[in-house]
Amino acid sequence: MGGSYGKCFDPNGARYGIPTYPWRMAPDGYVTRRQLRARGLRPGGQPIAGQVLRPRYRRGPLVAYLYRLDCAKPVRPMTPAKRAALAKANLARRTCPQCRTDAGYVIPTSLGTCVPCAYPN
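According to the working numbering, the sequence shown is numbered sequentially starting from 87.
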(Lines of atoms letter the chains of each structure in order from A and count residues from 1; the text may use other names and numbers.)
(Lines give C-alpha, C1' and ligand atoms only; values in the text may rest on other atoms or scores of the structure.)
Protein backbone atom coordinates (compact mmCIF):
# COMPACT_ATOMS: atom_id res chain seq x y z
CA MET A 1 0.00 0.00 0.00
CA GLY A 2 1.72 3.15 -1.10
CA GLY A 3 1.28 6.84 -1.36
CA SER A 4 -1.52 8.51 0.53
CA TYR A 5 -3.36 5.23 1.08
CA GLY A 6 -0.64 4.15 3.50
CA LYS A 7 -1.67 7.03 5.79
CA CYS A 8 -5.23 5.68 5.84
CA PHE A 9 -4.33 2.15 6.90
CA ASP A 10 -4.41 1.84 10.68
CA PRO A 11 -6.22 -1.42 11.60
CA ASN A 12 -5.13 -1.24 15.26
CA GLY A 13 -6.36 2.32 15.81
CA ALA A 14 -2.99 3.62 17.00
CA ARG A 15 -3.05 6.81 14.89
CA TYR A 16 -6.76 7.72 14.79
CA GLY A 17 -8.11 6.01 17.91
CA ILE A 18 -10.36 3.63 15.96
CA PRO A 19 -9.48 1.09 13.27
CA THR A 20 -9.00 2.94 9.98
CA TYR A 21 -8.93 1.55 6.45
CA PRO A 22 -8.50 3.05 2.98
CA TRP A 23 -11.59 3.77 0.92
CA ARG A 24 -13.33 0.59 -0.37
CA MET A 25 -11.05 -1.64 1.70
CA ALA A 26 -13.13 -2.22 4.82
CA PRO A 27 -12.97 -5.79 6.12
CA ASP A 28 -15.93 -8.14 5.84
CA GLY A 29 -18.54 -7.62 8.52
CA TYR A 30 -18.07 -3.84 8.67
CA VAL A 31 -20.50 -1.63 6.74
CA THR A 32 -21.44 2.05 6.53
CA ARG A 33 -24.77 3.47 7.65
CA ARG A 34 -25.99 3.63 4.05
CA GLN A 35 -25.07 0.01 3.45
CA LEU A 36 -26.97 -0.94 6.61
CA ARG A 37 -30.01 0.98 5.41
CA ALA A 38 -29.88 -0.73 2.01
CA ARG A 39 -30.13 -4.07 3.85
CA GLY A 40 -33.05 -2.89 5.98
CA LEU A 41 -30.91 -2.50 9.11
CA ARG A 42 -29.85 0.25 11.52
CA PRO A 43 -26.85 0.59 13.86
CA GLY A 44 -29.08 0.02 16.89
CA GLY A 45 -27.05 2.00 19.41
CA GLN A 46 -23.74 0.27 18.79
CA PRO A 47 -20.59 2.41 18.89
CA ILE A 48 -18.62 3.23 15.76
CA ALA A 49 -16.42 0.20 15.05
CA GLY A 50 -14.07 1.80 12.52
CA GLN A 51 -13.76 4.24 9.68
CA VAL A 52 -12.71 4.39 6.06
CA LEU A 53 -10.77 7.38 4.77
CA ARG A 54 -10.49 8.66 1.24
CA PRO A 55 -7.63 11.13 0.79
CA ARG A 56 -8.34 14.29 -1.20
CA TYR A 57 -6.02 16.77 -2.85
CA ARG A 58 -5.49 19.94 -0.75
CA ARG A 59 -8.34 19.11 1.66
CA GLY A 60 -8.99 16.80 4.55
CA PRO A 61 -9.96 13.23 3.80
CA LEU A 62 -13.54 12.03 3.35
CA VAL A 63 -14.61 9.89 6.28
CA ALA A 64 -17.24 7.15 6.43
CA TYR A 65 -17.88 5.47 9.76
CA LEU A 66 -18.21 1.70 9.94
CA TYR A 67 -20.57 -0.39 12.03
CA ARG A 68 -20.53 -4.10 12.76
CA LEU A 69 -23.04 -6.00 10.68
CA ASP A 70 -23.62 -8.70 13.30
CA CYS A 71 -24.71 -6.10 15.92
CA ALA A 72 -27.13 -4.27 13.60
CA LYS A 73 -30.86 -4.33 14.28
CA PRO A 74 -33.78 -4.25 11.84
CA VAL A 75 -35.25 -0.87 10.91
CA ARG A 76 -38.29 0.02 12.97
CA PRO A 77 -41.52 -0.28 10.96
CA MET A 78 -43.36 2.85 9.85
CA THR A 79 -46.32 3.50 12.15
CA PRO A 80 -49.49 5.32 11.03
CA ALA A 81 -48.58 8.29 13.25
CA LYS A 82 -45.09 8.51 11.74
CA ARG A 83 -46.54 8.28 8.24
CA ALA A 84 -49.01 11.10 9.01
CA ALA A 85 -46.26 13.30 10.48
CA LEU A 86 -44.06 12.72 7.43
CA ALA A 87 -46.93 13.57 5.06
CA LYS A 88 -47.61 16.77 7.02
CA ALA A 89 -43.93 17.79 6.89
CA ASN A 90 -43.76 17.15 3.13
CA LEU A 91 -46.92 19.18 2.59
CA ALA A 92 -45.33 22.08 4.48
CA ARG A 93 -42.27 21.89 2.19
CA ARG A 94 -44.53 22.05 -0.89
CA THR A 95 -46.77 24.91 0.31
CA CYS A 96 -45.80 28.37 -0.91
CA PRO A 97 -45.62 30.86 1.99
CA GLN A 98 -46.72 33.73 -0.26
CA CYS A 99 -49.77 32.39 -2.13
CA ARG A 100 -50.50 29.49 0.30
CA THR A 101 -51.04 26.91 -2.45
CA ASP A 102 -49.58 23.44 -2.87
CA ALA A 103 -46.95 23.88 -5.59
CA GLY A 104 -46.77 20.15 -6.34
CA TYR A 105 -43.00 20.17 -5.77
CA VAL A 106 -40.68 21.05 -2.92
CA ILE A 107 -40.21 24.83 -2.78
CA PRO A 108 -36.54 25.67 -3.52
CA THR A 109 -34.88 27.29 -0.51
CA SER A 110 -33.00 29.61 -2.86
CA LEU A 111 -36.31 31.15 -3.96
CA GLY A 112 -38.33 30.82 -0.76
CA THR A 113 -41.56 30.80 -2.77
CA CYS A 114 -43.04 28.89 -5.68
CA VAL A 115 -41.73 29.75 -9.14
CA PRO A 116 -44.82 31.78 -10.26
CA CYS A 117 -44.55 33.94 -7.11
CA ALA A 118 -40.79 34.34 -7.47
CA TYR A 119 -40.97 35.32 -11.14
CA PRO A 120 -44.30 37.09 -11.80
CA ASN A 121 -45.01 38.21 -15.36
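All residues carry an ideal CB built from backbone N, CA and C; glycine is no exception.
Cβ shell of VAL192 (< 7 Å), same chain only, five flanking positions each side left out: Stepping through the sequence shown from its first residue, residue 192 is reached at position 106. Same-chain partners within the cutoff: ARG179, ARG180.
Per DSSP, the bridge partner or partners of GLN121: As a first step, residue 121 must be located in the sequence shown, where it is residue number 35. None; GLN121 has no bridge partner.
Residue closest to ALA112, alpha-carbon to alpha-carbon, out of LEU172, LEU177, ARG186, TYR153: Numbered from 1 along the sequence shown, position 26 holds the residue referred to as residue 112. Measuring from the Cα of ALA112, the nearest candidate turns out to be TYR153.
Contact under 8 Å by Cβ, LYS159 with LEU197: On the sequence shown, residue 159 is found 73 positions in, with the first residue counted as 1. On the sequence shown, residue 197 is found 111 positions in, with the first residue counted as 1. The answer is no: Cβ separation not under 8 Å.
Cα-Cα separation between LEU167 and ASN176, rounded to whole angstroms: As a position in the sequence shown, residue 167 is number 81, starting the count at 1. As a position in the sequence shown, residue 176 is number 90, starting the count at 1. Reading off the sequence shown, one finds Ala at residue 167, where the question assumed Leu. One C-alpha to the other measures close to 14 Å.
Nonlocal neighbours in the same chain, by C-beta distance under 7 Å from ILE104, ignoring five residues either side: Locating residue 104 in the sequence shown gives position 18, counting from the first residue. Excluding positions up to five away in sequence, the list reads ILE134, GLY136, GLN137.
Inter-residue CB distance, PRO129 and LEU139 (contact presumed, cutoff 8 Å): Taking the sequence shown and counting its residues from 1, one reaches residue 129 at position 43. Taking the sequence shown and counting its residues from 1, one reaches residue 139 at position 53. At roughly 19 Å, the Cβ-Cβ gap does not stay under 8 Å, so PRO129 and LEU139 are not in contact.
Per DSSP, cross-strand counterpart(s) of LYS159: Indexing the sequence shown from 1 puts residue 159 at position 73. Bridge partners of LYS159: ARG128.
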